[in-house]
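Chains as they are written, first to last, in the numbering used here: chain A, 3 to 232; chain B, 3 to 232; chain C, 3 to 232; chain D, 3 to 232.
Protein chains: 4
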Amino acid sequence: MLEELKKRVYDANLDLVAKGVVLYTWGNVSAIDRESGMMVIKPSGVDYANMTADDMVVVNVATGQKVEGKWKPSSDTPTHLELYRAFKEIGGVTHTHSTNAVAFAQAGMSIPALGTTHADYFYGDIPCTRELSKDEVEEAYEVNTGKVIIETIKQYGYDVLAIPGIVVKNHGPFSWGTDAADSVYKAVVMEEVANMDIRTLQLNPNSSMAQYILDKHYFRKHGPKAYYGQ
Amino acid sequence: MLEELKKRVYDANLDLVAKGVVLYTWGNVSAIDRESGMMVIKPSGVDYANMTADDMVVVNVATGQKVEGKWKPSSDTPTHLELYRAFKEIGGVTHTHSTNAVAFAQAGMSIPALGTTHADYFYGDIPCTRELSKDEVEEAYEVNTGKVIIETIKQYGYDVLAIPGIVVKNHGPFSWGTDAADSVYKAVVMEEVANMDIRTLQLNPNSSMAQYILDKHYFRKHGPKAYYGQ
Amino acid sequence: MLEELKKRVYDANLDLVAKGVVLYTWGNVSAIDRESGMMVIKPSGVDYANMTADDMVVVNVATGQKVEGKWKPSSDTPTHLELYRAFKEIGGVTHTHSTNAVAFAQAGMSIPALGTTHADYFYGDIPCTRELSKDEVEEAYEVNTGKVIIETIKQYGYDVLAIPGIVVKNHGPFSWGTDAADSVYKAVVMEEVANMDIRTLQLNPNSSMAQYILDKHYFRKHGPKAYYGQ
Amino acid sequence: MLEELKKRVYDANLDLVAKGVVLYTWGNVSAIDRESGMMVIKPSGVDYANMTADDMVVVNVATGQKVEGKWKPSSDTPTHLELYRAFKEIGGVTHTHSTNAVAFAQAGMSIPALGTTHADYFYGDIPCTRELSKDEVEEAYEVNTGKVIIETIKQYGYDVLAIPGIVVKNHGPFSWGTDAADSVYKAVVMEEVANMDIRTLQLNPNSSMAQYILDKHYFRKHGPKAYYGQ
Numbered sequence: 003m004l005e006e007l008k009k010r011v012y013d014a015n016l017d018l019v020a021k022g023v024v025l026y027t028w029g030n031v032s033a034i035d036r037e038s039g040m041m042v043i044k045p046s047g048v049d050y051a052n053m054t055a056d057d058m059v060v061v062n063v064a065t066g067q068k069v070e071g072k073w074k075p076s077s078d079t080p081t082h083l084e085l086y087r088a089f090k091e092i093g094g095v096t097h098t099h100s101t102n103a104v105a106f107a108q109a110g111m112s113i114p115a116l117g118t119t120h121a122d123y124f125y126g127d128i129p130c131t132r133e134l135s136k137d138e139v140e141e142a143y144e145v146n147t148g149k150v151i152i153e154t155i156k157q158y159g160y161d162v163l164a165i166p167g168i169v170v171k172n173h174g175p176f177s178w179g180t181d182a183a184d185s186v187y188k189a190v191v192m193e194e195v196a197n198m199d200i201r202t203l204q205l206n207p208n209s210s211m212a213q214y215i216l217d218k219h220y221f222r223k224h225g226p227k228a229y230y231g232q
Numbered sequence: 003m004l005e006e007l008k009k010r011v012y013d014a015n016l017d018l019v020a021k022g023v024v025l026y027t028w029g030n031v032s033a034i035d036r037e038s039g040m041m042v043i044k045p046s047g048v049d050y051a052n053m054t055a056d057d058m059v060v061v062n063v064a065t066g067q068k069v070e071g072k073w074k075p076s077s078d079t080p081t082h083l084e085l086y087r088a089f090k091e092i093g094g095v096t097h098t099h100s101t102n103a104v105a106f107a108q109a110g111m112s113i114p115a116l117g118t119t120h121a122d123y124f125y126g127d128i129p130c131t132r133e134l135s136k137d138e139v140e141e142a143y144e145v146n147t148g149k150v151i152i153e154t155i156k157q158y159g160y161d162v163l164a165i166p167g168i169v170v171k172n173h174g175p176f177s178w179g180t181d182a183a184d185s186v187y188k189a190v191v192m193e194e195v196a197n198m199d200i201r202t203l204q205l206n207p208n209s210s211m212a213q214y215i216l217d218k219h220y221f222r223k224h225g226p227k228a229y230y231g232q
Numbered sequence: 003m004l005e006e007l008k009k010r011v012y013d014a015n016l017d018l019v020a021k022g023v024v025l026y027t028w029g030n031v032s033a034i035d036r037e038s039g040m041m042v043i044k045p046s047g048v049d050y051a052n053m054t055a056d057d058m059v060v061v062n063v064a065t066g067q068k069v070e071g072k073w074k075p076s077s078d079t080p081t082h083l084e085l086y087r088a089f090k091e092i093g094g095v096t097h098t099h100s101t102n103a104v105a106f107a108q109a110g111m112s113i114p115a116l117g118t119t120h121a122d123y124f125y126g127d128i129p130c131t132r133e134l135s136k137d138e139v140e141e142a143y144e145v146n147t148g149k150v151i152i153e154t155i156k157q158y159g160y161d162v163l164a165i166p167g168i169v170v171k172n173h174g175p176f177s178w179g180t181d182a183a184d185s186v187y188k189a190v191v192m193e194e195v196a197n198m199d200i201r202t203l204q205l206n207p208n209s210s211m212a213q214y215i216l217d218k219h220y221f222r223k224h225g226p227k228a229y230y231g232q
Numbered sequence: 003m004l005e006e007l008k009k010r011v012y013d014a015n016l017d018l019v020a021k022g023v024v025l026y027t028w029g030n031v032s033a034i035d036r037e038s039g040m041m042v043i044k045p046s047g048v049d050y051a052n053m054t055a056d057d058m059v060v061v062n063v064a065t066g067q068k069v070e071g072k073w074k075p076s077s078d079t080p081t082h083l084e085l086y087r088a089f090k091e092i093g094g095v096t097h098t099h100s101t102n103a104v105a106f107a108q109a110g111m112s113i114p115a116l117g118t119t120h121a122d123y124f125y126g127d128i129p130c131t132r133e134l135s136k137d138e139v140e141e142a143y144e145v146n147t148g149k150v151i152i153e154t155i156k157q158y159g160y161d162v163l164a165i166p167g168i169v170v171k172n173h174g175p176f177s178w179g180t181d182a183a184d185s186v187y188k189a190v191v192m193e194e195v196a197n198m199d200i201r202t203l204q205l206n207p208n209s210s211m212a213q214y215i216l217d218k219h220y221f222r223k224h225g226p227k228a229y230y231g232q
């Protein structure tokens, strides 16, 4: 079932490798078919080199049960499911341990909106979640990772697609988009923006960007008045 | 029309990718044919991988109108046009979001002339523009980006080819040269000099270079007494 | 003798090159055959490009004598031997001069456990050894390098496989695992974690991770309750 | 004449590119034939991609005159000549603008001996020259660049091959060795050691290495008691 979606999720997972944002198996991409309520996700612990589209796993989003696939779904499956349940607008989710975004996660810092590269994709700082409590970690770690992402995004009060990524404290980045490929795109942009920002803050710890530049760049690419495509 | 120039602009755009200074479509190169008053520029939002020389767009520099091409010209077209109108000496313009040059742009800092690598190509600090005002951003953003570059370069009082690049505050680098390839060359040098300078300033925040070393290196490569070619 | 093990040690040495953690011949991998008490190790000063599995050297672990091979064993052989003698659980050892792990070694600092990437492989900070004394260096440098690693690991009181790596002060990283490939895996992870941590500490010198997150991540991949495989 | 030496100098120049320490034409390698008193060096301003061994230029070391070759010799020729005249032990010289070594040159700082990677090749800090005076720069810049290198090395009082490299203030690294390939080897090591040291000093500005570790590592690879080959 969902053979075409499996192919797209498989391609998106390989794109993570091609873009240099994963080492070993440190990343996973999923997508949802809203009509059937099914999620397709990378299998757990399978090498990218040997993986085929046929190895993708199908999970029922409502029940969390595996519906098809010869492997176990990614261990991060409960986090992906929480995101699809909370945000109806999103069609794909990506998780990586990319170096610079992880640095912000480990530092417990948001990735600040300091330039137009950022503003072209993210309408504001890319937030860092609060630390999970001991109970949250011990009782349902992966589910609660999803919940703390949702809690943080809701604090911003925006359309979830306007802040299509986050860093989870002490862990790393999650991103999302309209489909699997779009969520990978946002993961790669987030890593590059984090790289730019580490260097910027080293040069000038007080760097900032005016709100009207953020508005201009975001809205010339997004929404009814968009006209941009470099 | 201008088939040979289209080929050169196309090659220069691909060279950006080969030199590792663009991610996705985050860059664009143009060139001008002074005789006909036409500019050739990368199309908007077309992937480098699928692009051909035939996709380049021809724009009338005086009117800003598209003259030939199946795509829209790059969204940064008004910025390129301003530069060609203000500086008759330049034949090519490049814009990128290369990591280290963007870091200086986001920090609101000039890229200081700290060594002979810099002095071989840029006769002084590579300036950072002032921040655009709210009105400038909202009314004619891309045109005003060109205008603030021109304003900044004119403050230096030099031949524009002696300072063949700049960083626009909170945005990123623009560079120029005698033709498309030369403007890419300057973009790549600027990125590497920015990389060197971030590391230099980390080691010693008070780094500087004597004016006579800047003079020597610049003028052994440029002007009537040039003799250099490593 | 041990032709299969030679092939695995050879492959593991080449994997160091493929993963980008060695320059020139700055690394070596060994493995032990516990049944026969023999260690297979990279030869001394042979280029990776010209090396074959047949160039691997066999050394008697108890006596330290070469048993087979046309070359001298790696100069670090006495260090490897000390580790195999002290820790019966380990089957492979790797030494590199990878950039970021060396930075921690040169700074005399442990690589702190700041995130879940670290916690997935190392159950706590990756320690830095004390400085060797003048006598230790002059009398039996490579043997004493092994001894100070053992001394440091024993201070932690853990299963040696729970802290499968260390940085030797002013020198660089050593890592170990169940076999040659596993010790290379740990060397690559250590380098990437060191890279993440340098950037993290630059952003926030007071970064830290709660003990319960370390526990959760380590034990969901290791021990009787493991369930993880990204 | 000297066809074999031309081939070796050509190969050494290409190795600079393969090792990633030059951008564009920012580097040059030479070698000397002590018997005939002739130096073979890269031509000036010729791209690496189109260069052949036949393009190398032969210069008389005593007179500084070109003896054979269709191109002008590298503009840095006078610097190379000074080094061959002052140090009879050296057979090859390399100059690059590699990123991290340049950072130390621009910062006006020696590359400190902080670890065994350094100690394996350089018996002490890699010095940074003093700044050239205005007169030295204006009168005979390339000759005086050679002279200030010699002045600095002589201050150390060592065999020149024990400190086979230097950074020239505000300029970049020069290195030397027994032949062309050896001088490139030292250039690549210097760049990597500079990279390690920038990261080390960021982690701990007070990093240092005991003299007896420097002695041990240098002399296990060099001199009558050498036994090392990783």
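All C-beta atoms, glycine included, are put in the ideal place defined by N, C-alpha and C.
(request) Note down, in chain order, every chain D residue with its Cβ under 7 Å from the Cβ of V139 (chain C). (result) The contact set of V139 (chain C) on chain D, defined by CB atoms closer than 7 Å, consists of Y214, I215 and K218 in chain order.
(request) Identify the contact partners of M192 (chain D) in chain C, using a Cβ-Cβ distance below 8 Å as the criterion. (result) The premise fails here: M192 (chain D) is roughly 12 Å from chain C at the closest Cβ pair, so nothing lies under 8 Å.
(message) Taking 8 Å as the threshold (beta carbon to beta carbon), is M41 (chain C) in contact with chain A?
(response) Residue-level contact by beta carbon fails for M41 (chain C) and chain A, as no gap is shorter than 8 Å.
(request) With a threshold of 16 other CB atoms inside 10 Å of the CB of Y229 (chain B), please say whether the residue is buried or exposed. (result) Residue environment: Y229 (chain B) is assigned as exposed (fewer than 16 neighbouring CB atoms within 10 Å of its CB, all protein chains considered).
(message) Applying the 10 Å Cβ sphere with the 16-neighbour rule, what's the burial state of E153 (chain D)?
(response) The residue is exposed, with fewer than 16 neighbouring Cβ atoms inside 10 Å.
(message) Within a Cβ cutoff of 6 Å, which residues of the same chain sit near E140 (chain C), ignoring the five residues on either side of it in sequence?
(response) Closer than 6 Å at Cβ, skipping near neighbours: no residue.
(request) Using three-state DSSP, classify P2 (chain A) as helix, strand or coil. (result) Nothing in the structure corresponds to residue 2 (chain A), since chain A is present only between 3 and 232.
(request) Look at the Cβ atom of G117 (chain D), then the Cβ atom of Q157 (chain C), and state whether they are nearer than 8 Å. (result) No, they are not a contact pair.
(message) If I follow the unbroken alpha helix (DSSP H) through K68 (chain A), where does it start and stop?
(response) Element bounds for K68 (chain A): not the alpha helix (DSSP H) but the beta strand (DSSP E), K68 to E70.
(request) Find the nearest neighbour of V61 (chain C) within the set C:A51, C:V24, C:Y50 and C:P80, judged by alpha-carbon distance. (result) When only C-alpha atoms are compared, the closest one is C:P80.
(request) Excluding the 5 residues preceding and the 5 following K149 (chain A) in the sequence, name in chain order all residues of the same chain whose CB lies nearer than 7 Å to its CB. (result) Cβ neighbours of K149 (chain A) beyond the five flanking positions: E84.
(message) Measuring straight from C-alpha to C-alpha, what distance separates S46 (chain B) and Y220 (chain A)?
(response) A direct Cα-to-Cα measurement between S46 (chain B) and Y220 (chain A) gives close to 17 Å.
(request) Decide yes or no for the touch test of the segment 167-177 of chain D against the segment 190-209 of chain D: beta carbon pairs closer than 8 Å, at least 3 of them. (result) Yes, since at least three Cβ pairs between the segment 167-177 of chain D and the segment 190-209 of chain D fall closer than 8 Å, the two stretches touch.
(message) For V244 (chain B) and Y26 (chain B), what's the separation of their Cα atoms in angstroms?
(response) What the structure shows of chain B is the stretch from 3 to 232, and residue 244 (chain B) is not part of that stretch, so it cannot be assessed.
(message) Determine, for G117 (chain B), whether the minimum Cβ-Cβ distance to residues of chain D falls below 8 Å.
(response) By this cut-off, G117 (chain B) is an interface position.
(message) Run through chain D and tell me which residues come within less than 8 Å of G110 (chain C), C-beta to C-beta.
(response) Going along chain D in sequence order, the residues near G110 (chain C) (Cβ under 8 Å) are N206 and S209.
(message) One question on the structure: do V63 (chain B) and R87 (chain B) come within less than 8 Å of each other, judged by their Cβ atoms?
(response) Using a Cβ distance threshold of 8 Å, V63 (chain B) and R87 (chain B) count as a contacting pair.
(request) Starting from the Cα of I128 (chain C), find the closest Cα among C:W73, C:E144, C:I151 and C:G22 and give me that residue. (result) Per the Cα distances, C:I151.
(request) Under 6 Å Cβ to Cβ from K188 (chain A), same chain only, skipping five residues before and after it: list those, please. (result) Closer than 6 Å at the Cβ level, and outside the excluded window around K188 (chain A), lie P166, G167, S177 and G179.
(message) So, with DSSP's three-state summary, where would you put P207 (chain B)?
(response) Reduced to three states, the DSSP call for P207 (chain B) is coil.
(request) Name, in chain order, the residues that DSSP records as bridge partners for N62 (chain A). (result) N62 (chain A) is bridged to A:M40.
(request) Specify, as a first and last residue, the run of the alpha helix (DSSP H) that H173 (chain D) falls within. (result) It is not in any alpha helix (DSSP H) - H173 (chain D) carries neither H nor E in the DSSP assignment.
(request) Run the CB neighbour count on R36 (chain A), radius 10 Å, all protein chains shown included, and call it buried at 16 or more, exposed below. (result) Exposed, by the Cβ-count rule.
(message) Would you call the segment 90-101 of chain C in contact with the segment 12-27 of chain C, where contact means no fewer than 3 C-beta pairs closer than 8 Å?
(response) Two segments are said to touch when three or more pairs of C-beta atoms, one from each, lie closer than 8 Å; by this definition the segment 90-101 of chain C touches the segment 12-27 of chain C.
(request) Give the DSSP bridge partners of A33 (chain A), in chain order. (result) Answer is A:V42 and A:G94, bridged to A33 (chain A).
(message) I need the straight-line Cα distance from A33 (chain D) to D137 (chain C), nearest angstrom please.
(response) Taking C-alpha positions only, A33 (chain D) is separated from D137 (chain C) by approximately 42 Å.
(request) Determine whether the Cβ of N102 (chain B) lies closer than 8 Å to any Cβ atom of chain D. (result) The beta-carbon of N102 (chain B) is placed no less than 8 Å from the nearest beta-carbon of chain D.
(request) Would you mind listing the alpha helix (DSSP H) stretches within the segment 88-157 of chain B that are 4+ residues and don't spill past its ends, in chain order? (result) Segments of the alpha helix (DSSP H) lying fully in the segment 88-157 of chain B: 101-109 and 118-121.
(message) Please tell me whether E133 (chain D) has its Cβ less than 8 Å away from any Cβ of chain B.
(response) So, interface residue.
(request) Please work out which residues of its chain come closer than 8 Å, Cβ to Cβ, to E133 (chain D), disregarding the five sequence neighbours upstream and downstream, and give them in chain order. (result) Take E133 (chain D), set aside five residues on each side of it, and the residues of its chain with a beta-carbon closer than 8 Å to its own are G110, K171 and N172, in chain order.
(request) Pull up the distance between the alpha-carbon of Y160 (chain A) and that of G71 (chain B), whole angstroms please. (result) Distance between Y160 (chain A) and G71 (chain B), taken at the CA atoms: about 38 Å.
(message) Per DSSP, what are the beta-bridge partners of I168 (chain C) in this structure?
(response) DSSP lists C:F176 as partners of I168 (chain C).
(request) For Y2 (chain B), decide whether its Cβ has a neighbour in chain D, counting only Cβ atoms nearer than 8 Å. (result) Nothing about residue 2 (chain B) can be reported from this structure: the residues present for chain B run from 3 to 232 only.
(request) Out of A:S135, A:D217 and A:A103, state which residue places its alpha-carbon closest to the alpha-carbon of M198 (chain A). (result) That would be A:A103, whose Cα lies nearest to the Cα of M198 (chain A).
(request) Indicate whether V31 (chain D) and L7 (chain D) have their beta-carbon atoms separated by less than 8 Å. (result) Result no, Cβ atoms of V31 (chain D) and L7 (chain D) do not sit closer than 8 Å.
(request) Taking Y123 (chain A) as the reference, give the member of A:I155, A:E5, A:A164 and A:T131 with the closest Cα. (result) Of the candidates A:I155, A:E5, A:A164 and A:T131, the one whose C-alpha sits nearest the C-alpha of Y123 (chain A) is A:A164.
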